[in-house]
Amino acid sequence: MYRTGEFGYTRLVANKEKLTVSFVGNHDGEVHDTVEMLVSGEVISGSKEDTVNTVAASATLVGKAESNVSWYVKGAGLMVMGVLLGFIIGFFTKGKKGSSSGTRWIPVKNEET
1 MYRTGEFGYT RLVANKEKLT VSFVGNHDGE VHDTVEMLVS GEVISGSKED
51 TVNTVAASAT LVGKAESNVS WYVKGAGLMV MGVLLGFIIG FFTKGKKGSS
101 SGTRWIPVKN EET
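Under the UniProt record's numbering, think of the first position of the sequence shown as 1, with each following residue one higher.
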């Protein structure tokens with residue numbers, strides 16, 4: 001059992017066929033909500049409502065929201081890649097321009113006074 005705050009506990013029971021997650025309330029000690037996850041990937045809600053049906057596991061998986069730190073890391077990585085790519089492109093384009101004019105010598109007037 002895992003304490004989930006001031007309102008109750010979460011109980012996990014697992015065997016080879018299924019994993020059962022139950023919420024037990026503090027005020028009465030009874031199970032208030034149950035979810036069963038079968039080996040086949042189906043998720044069965046133990047809710048008392050008749051409208052709740054068995055749904056596939058892929059339909060119940062919701063992606064976790066990314067934190068702001070991961071966005072900053074991605075942004076910094078993108079900026080570093082841009083700078084590196086710009087440096088490489090600039091190095092090769094400047095190298096071609098400089099090599100054509102660097103092979104020719106231009107005479108300079110030499111006046112001695």
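All C-beta atoms, glycine included, are put in the ideal place defined by N, C-alpha and C.
Computed from a prediction, not measured in an experiment: that's the story for all the values here.
Top-ranked residue by Cα proximity to His27, from Phe7, Lys94, Ala14, Leu12: One-based indexing of the sequence shown puts residue 27 at position 27. The residue with the shortest Cα to Cα distance from His27 is Phe7.
Residue range of the unbroken beta strand (DSSP E) whose run includes Asp28: By 1-based counting over the sequence shown, the position of residue 28 is 28. Asp28 -> no beta strand (DSSP E), and no H or E assigned at all.
Nearest-angstrom Cβ-Cβ length linking Leu12 and Val24, presumed shorter than 8 Å: Residue 12 sits at position 12 when you count from the first residue of the sequence shown. Residue 24 sits at position 24 when you count from the first residue of the sequence shown. No, Leu12 and Val24 are not in contact; Cβ-Cβ is about 11 Å, not under 8 Å.
Per-residue DSSP class, three states only, for Gly98: By one-based count along the sequence shown, residue 98 stands at place 98. Residue placement at Gly98 cannot be trusted, given a pLDDT of 48 that sits under 50; the coordinates are not used to answer.
Minimum C-alpha distance to Val31 - residue among Thr10, Met37, Ile44: Translated into the one-based positions of the sequence shown, residue 31 becomes position 31. Of the candidates Thr10, Met37, Ile44, the one whose C-alpha sits nearest the C-alpha of Val31 is Thr10.
Residue range of the unbroken beta strand (DSSP E) whose run includes Ser67: For the purposes of this step, residue 67 is identified with residue 67 of the sequence shown, where counting begins at 1. Element bounds for Ser67: n/a, residue is neither H nor E.
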